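Residue numbers (UniProt numbering): 1 to 433. All residues carry an ideal CB built from backbone N, CA and C; glycine is no exception. On a predicted model such as this, the values are computed, not experimentally measured, just so you know.
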Amino acid sequence: MESEDPDKLKVSPLPGETIDALKPNDFPSMSDAELNKRYVSEGVRIVVEQARYPLNQILGMFTDTFETESGKTVAKYRRDPEYQRRHRWDNGRKSRLIESFLMNVPVPPVFLYEYELARFEVMDGRQRLTALMDFYSNKLALTELQHWPQLNGRTYSTLPASIRDGIDRRYLSSIILLNETAATDEQAAFLKKLVFERLNSGGVRLSGQETRNAVYDGPLNNLCIELSETIELRTMLGTPRKSEELIASTRTEDVDDPELTDLEPDSDGVKVTPLGRKMYESMEDVELVLRFFAYRHLDKFSQGLNRITDFLDEFLIKGNNFPPATLESYRGLFLVNIRFWHQIGGASAFRVEGSKRHFSKIAFDALMYASSALDDSQRATLLGEPDRVRTALETMYDEHGATFGGRRTNTTDAHARNRYAIDALTAALAAQS
Numbered sequence: 001m002e003s004e005d006p007d008k009l010k011v012s013p014l015p016g017e018t019i020d021a022l023k024p025n026d027f028p029s030m031s032d033a034e035l036n037k038r039y040v041s042e043g044v045r046i047v048v049e050q051a052r053y054p055l056n057q058i059l060g061m062f063t064d065t066f067e068t069e070s071g072k073t074v075a076k077y078r079r080d081p082e083y084q085r086r087h088r089w090d091n092g093r094k095s096r097l098i099e100s101f102l103m104n105v106p107v108p109p110v111f112l113y114e115y116e117l118a119r120f121e122v123m124d125g126r127q128r129l130t131a132l133m134d135f136y137s138n139k140l141a142l143t144e145l146q147h148w149p150q151l152n153g154r155t156y157s158t159l160p161a162s163i164r165d166g167i168d169r170r171y172l173s174s175i176i177l178l179n180e181t182a183a184t185d186e187q188a189a190f191l192k193k194l195v196f197e198r199l200n201s202g203g204v205r206l207s208g209q210e211t212r213n214a215v216y217d218g219p220l221n222n223l224c225i226e227l228s229e230t231i232e233l234r235t236m237l238g239t240p241r242k243s244e245e246l247i248a249s250t251r252t253e254d255v256d257d258p259e260l261t262d263l264e265p266d267s268d269g270v271k272v273t274p275l276g277r278k279m280y281e282s283m284e285d286v287e288l289v290l291r292f293f294a295y296r297h298l299d300k301f302s303q304g305l306n307r308i309t310d311f312l313d314e315f316l317i318k319g320n321n322f323p324p325a326t327l328e329s330y331r332g333l334f335l336v337n338i339r340f341w342h343q344i345g346g347a348s349a350f351r352v353e354g355s356k357r358h359f360s361k362i363a364f365d366a367l368m369y370a371s372s373a374l375d376d377s378q379r380a381t382l383l384g385e386p387d388r389v390r391t392a393l394e395t396m397y398d399e400h401g402a403t404f405g406g407r408r409t410n411t412t413d414a415h416a417r418n419r420y421a422i423d424a425l426t427a428a429l430a431a432q433s
């Protein structure tokens, strides 16, 4: 472990993990002539087309598959890319969408992205499409209808014939962002992010990770989602399992106290809290995993943590291109360290002294970074005397508590916290020798 210089503190890179400097998008000032030249020469134009789909054909669009030349079975339309949000419509909201079609109330178009030639994924509108698919597959019994309550309890196949035929005549409009919009993968990612953010600007504000998942889907992104399900992390955050995700028409209300819950522990023994549900819905749990990997490269980002969203965006773009062996090493590295801290401190491992009721991202960043600088034998030694680790951390928080405050987010403070955490573990090791 290194601890001499907080601005140069590094963990050892894994094979295949090396990346170039991470640079955010900076936009220098331009004269009118330069602006005109950029507009003419840049050639970035979003290419779209519009389409209309009969409602009774949508189920088949998303379930029919075909075989590629390589023998792989794929669907032409993907409804569930990883970026889609975790909160879902309840049956009442789905039913009211069907009622809107029945009454011919205008419904906003869905937005599709052509990720390969003639293959599409849903950028915006998954909930509407899911409602229609559930309706046409008879999984949805209508409920909470406002103008046609007489149809409550009916499925598609049990509707009166004329009403069923009337709904079948309706169309769902779509706008498709075409593949030829971008000449390069980087340009495609930028434009996809731009369109996605603009589409959602009038609705519920999305978190950085929700937007990140929308445009930077790939192997590292998928790994972060997978690791967010780790039982040790879920225990610390109070988040639900994917199979038990919240089904609601709105997000969980803001809560400050993670202990406010009447819920019994789930089958994994995890006490799911309102704050944990909120973190799950906004994908903060996934972002924590990404932060662990990204902080290994903090010195490569010139803007530091003052632009952490840009930092995580840029790292995820690079990390999605890491070799499979590196990602497998990432998986092992995260699991070893999250389990280490769970054994040391349980659900409170990342709760800063003086605020024991709240999970601290800042403590998570520093402690996970520090323990990842240990070797297996050092971690095993510390696990043999967890009280020494807890005592060393109490001393660290007593001496440097201000540095672990929520507003200390610049790069210098981040490096200092890493050093303090490594020094604490070094002290705990020395006390056992």
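For T18, is the classification buried or exposed, using 16 other Cβ atoms within 10 angstroms of its Cβ as the cut-off for buried? The residue labelled residue 18 in the question sits at position 18 within the sequence shown. By the 10 Å Cβ count, T18 comes out exposed.
Report the option in T391, E328, I225, I362 whose CA atom is closest to the CA atom of H415. On the sequence shown, position 415 is the one that residue 415 refers to. Cα-wise, what sits closest to H415 is I362.
Rounded C-beta distance between I344 and V389? I'm assuming under 8 Å. Looking up residue 344 in the sequence shown gives position 344. Looking up residue 389 in the sequence shown gives position 389. Sure, about 5 Å apart at Cβ, within 8 Å.
Can you list, in chain order, the stretches of the beta strand (DSSP E) that have 3 or more residues and sit fully within the region 68-145? 73-75, 110-116, 119-124
What residue does the beta strand (DSSP E) around E49 start on, and which one ends it? Translated into positions along the sequence shown, residue 49 becomes position 49. Counting along the chain, the beta strand (DSSP E) containing E49 begins and ends at 48-54.
Contained alpha helix (DSSP H) runs [length at least 4] in the region 367-409, N- to C-terminal order: 376-384, 386-400
Nearest to L429 by CA position, among D375, V289, L159, A402, is which residue? As a working mapping, residue 429 is identified with position 429 in the sequence shown. Comparing Cα positions, the closest option is D375.
Quick check on DSSP: helix, strand or coil for S174? By 1-based counting over the sequence shown, the position of residue 174 is 174. If DSSP states are grouped into helix, strand and coil, S174 belongs with the strands.
Closer than 8 Å by C-beta to S249: which residues in its own chain qualify, once you throw out the five before and the five after it? Chain order, please. Mapped onto the sequence shown, residue 249 falls at position 249. Its pLDDT being 34, under 50, S249 is placed unreliably by the model, and the measurement read from it follows with that caveat. Around S249: W89, D90, G92, R93.
Looking only at its chain, what residues have a beta carbon closer than 8 Å to the beta carbon of D134, apart from the 5 residues adjacent to it on each side? In the sequence shown, the residue the question calls residue 134 occupies position 134. Correct list, in chain order: K94, L140.
Just checking, does the region 159-166 make contact with the region 119-127 on the three C-beta pairs under 8 Å criterion? Counting Cβ pairs under 8 Å, fewer than three are found: no touch.
Would you say the region 226-242 touches the region 276-292, given that touching needs at least three Cβ pairs under 8 Å? yes
Which class does I247 belong to by DSSP, given the choice of helix, strand or coil? Against the sequence shown, residue 247 aligns to sequence position 247. Any reading at I247 is ruled out, since the residue's pLDDT is 43, under 50, leaving its predicted position unreliable.
Local conformation of R322 per DSSP, three classes: Reading the sequence shown from its first residue, position 322 is the one you call residue 322. The sequence as given places Phe at residue 322; Arg does not occur at that position. F322 falls in the coil class under three-state DSSP.
What would DSSP say about T65, mapped onto helix, strand or coil? Position 65 of the sequence shown holds residue 65. Strand at T65.
Just to check my reading of the structure: A214 and F190 have Cβ atoms closer than 8 Å, yes? What is that Cβ distance to the nearest angstrom? For the purposes of this step, residue 214 is taken as the residue at position 214 of the sequence shown. For the purposes of this step, residue 190 is taken as the residue at position 190 of the sequence shown. About 12 Å; that fails the 8 Å criterion.
Are the beta-carbon atoms belonging to L177 and V48 less than 8 Å from one another? What you label residue 177 is simply residue 177 of the sequence shown in a count that begins at 1. What you label residue 48 is simply residue 48 of the sequence shown in a count that begins at 1. The answer is yes: Cβ separation under 8 Å.
May I ask whether a heavy atom of the ligand SAM can be found less than 7 Å away from the beta carbon of G384? The ligand SAM is not among the ligands present in this structure, which contains no ligands whatsoever.
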